[in-house]
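I have placed the structure first, in the form of structure tokens, so that the comments after it can refer back to it.
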Amino acid sequence: MKRKRGKWETLDGVLNEIWKMLQRGVTHSIDPFHRPVLGTAGKDGCSLRTVILRQVLLPDRILVCHTDARAAKVQEILAFTKVSWLFYHPKRKVQLRISGHATLHTEDEFAERQWAEMRVTSRLNYCATRPPGTCIDRPMSGLPDFLFKKLPTLMETQIGRSNFMAIAGRIESIDWLILKPLGNLRARFCWDNNELSSTWLIP
Ligand SMILES: Cc1cc2nc3c(=O)[nH]c(=O)nc-3n(C[C@H](O)[C@H](O)[C@H](O)COP(=O)(O)O)c2cc1C
């Protein structure tokens, strides 16, 4: 009888599992893939920060996160559009290192749709009166008084719209690694436009 091949035994199987894990990361807020690290290149080297994975668009291979348009990362992406994403799933022991070019969206239909679907509490992230990273003389959120310590209405959070930005990162390569007691496995997937080349690697 022919043995059924496990999902990690073929490159197609691995890639299929990667898409599933990323999509689960979007929809499950307690999944470790919900909070990747986004890396950008700045004048002092690379800068890293945790973000929330908001969308995975397939077959276009786009990862989406949201940010305040006044944040430092935005200036870095404007200067150098290549970004990296790091995901690690401690239970499944899977690491993904993803890289590709990012586009920034503020006033287009893409950003508008994301803003329209956002929860009121998430919209608060864009309502600070001063830009993220501004020095202040005491600890505070920077929210205006009328939004402070209460659940705002949808209308009240509209002041955050002009600060809201969606970052869309196109996946151009994925370095996949799984830790296994009897030997780790690693593979790389690269797209040249839509042409995929994939290979196993020594971990
Ligand atoms: C769990 C968690 C999730 C976060 N999600 C986001 C996010 O989706 N977008 C964002 O801009 N910052 C998010 N942050 C804050 C960033 O890590 C970072 O502090 C902030 O964006 C400023 O980074 P920058 O100065 O490099 O722009 C999150 C932080 C944590 C701890």
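In this text, residue positions in the sequence shown follow our numbering: the first is -1, and each later residue adds one.
A virtual CB, placed ideally from N, CA and C, is assigned to each residue, including glycine.
What are the partner residues of residue 53, as DSSP defines its beta bridges?
Answer by DSSP bridge pairing, in chain order: 62.
Three-way DSSP call (helix, strand, coil) for residue 154 in this model:
The answer is helix: DSSP assigns residue 154 an H, G or I state.
How close, in whole Å, do the beta carbons of residue 95 and residue 173 come, if the pair is a contact with beta carbons under 8 Å?
Indeed they touch by this definition, with Cβ atoms about 4 Å apart.
May I have the straight-line CA-CA distance separating residue 91 from residue 177, to the nearest angstrom?
Cα to Cα, residue 91 sits roughly 5 Å from residue 177.
Less than 7 Å separating the Cβ of residue 50 from some heavy atom of ligand 1?
Yes, the beta carbon of residue 50 sits closer than 7 Å to at least one heavy atom of ligand 1.
Compute every distance between the C-beta of residue 47 and the non-hydrogen atoms of ligand 1, then say whether any falls below 7 Å.
Correct: residue 47 has its Cβ closer than 7 Å to ligand 1.
Along the beta strand (DSSP E) that carries residue 25, what are the first and last residues, could you check?
Per DSSP, residue 25 belongs to no beta strand (DSSP E); it is in the alpha helix (DSSP H), 9 to 25.
Proximity test, residue 69 beta-carbon vs ligand 1 heavy atom, cut-off 7 Å:
True, at least one ligand heavy atom lies under 7 Å from that Cβ.
Is any heavy atom in ligand 1 found nearer than 7 Å to the beta carbon of residue 131?
It does: the Cβ of residue 131 is within 7 Å (strictly closer) of some heavy atom of ligand 1.
Of the residues 80, 14, 11 and 108, the one placed nearest residue 36, counting alpha carbons only:
Across the set 80, 14, 11 and 108, the C-alpha of 80 shows the shortest separation from the C-alpha of residue 36.
Whole angstroms is fine: what's the gap from residue 182's alpha carbon to residue 16's?
A straight line joining the alpha-carbon of residue 182 with that of residue 16 spans about 16 Å.
If contacts are defined as beta-carbon pairs under 8 Å, then residue 54 and residue 24 qualify, I think. What distance do you get, rounded to the angstrom?
For a cut-off of 8 Å, the C-beta gap from residue 54 to residue 24 is around 6 Å, short enough to register as a contact.
According to DSSP, residues forming a beta bridge with residue 176:
In the DSSP output, where bridge partners are listed per residue, residue 176 has 92 and 183.
When the distance is taken between beta carbons, is residue 31 closer than 8 Å to residue 20?
Yes.
For ligand 1, is there a heavy atom less than 7 Å away from the beta-carbon of residue 66?
Yes; taking the cut-off as 7 Å, the Cβ of residue 66 has a heavy atom of ligand 1 nearer than that.
Looking at the unbroken beta strand (DSSP E) that takes in residue 196, where does it start and where does it end?
Residue 196: member of the beta strand (DSSP E) spanning 193 to 199, first to last residue.
Per DSSP, which residues does residue 80 bridge with? Please list them.
According to DSSP, residue 80 bridges with 99.
Inter-residue CB distance, residue 131 and residue 77 (contact presumed, cutoff 8 Å)
The pair is not a contact, with the Cβ atoms about 16 Å apart (cut-off 8 Å).
Would you give the residue range spanned by the alpha helix (DSSP H) that residue 168 belongs to?
Premise fails: residue 168 lies in the beta strand (DSSP E), 162 to 168, not in any alpha helix (DSSP H).
Residue 134 vs residue 100 beta-carbon contact at 8 Å
No.
Residue 44: beta carbon under 7 Å from a heavy atom of ligand 3?
With respect to ligand 3, the structure shown offers nothing to examine, as its ligands consist of ligand 1.
Segment contact flag, the region 159 to 167 with the region 104 to 117, C-beta cutoff 8 Å, min 3 pairs:
Proximity of the region 159 to 167 to the region 104 to 117 meets the contact definition, three or more beta-carbon pairs being nearer than 8 Å.
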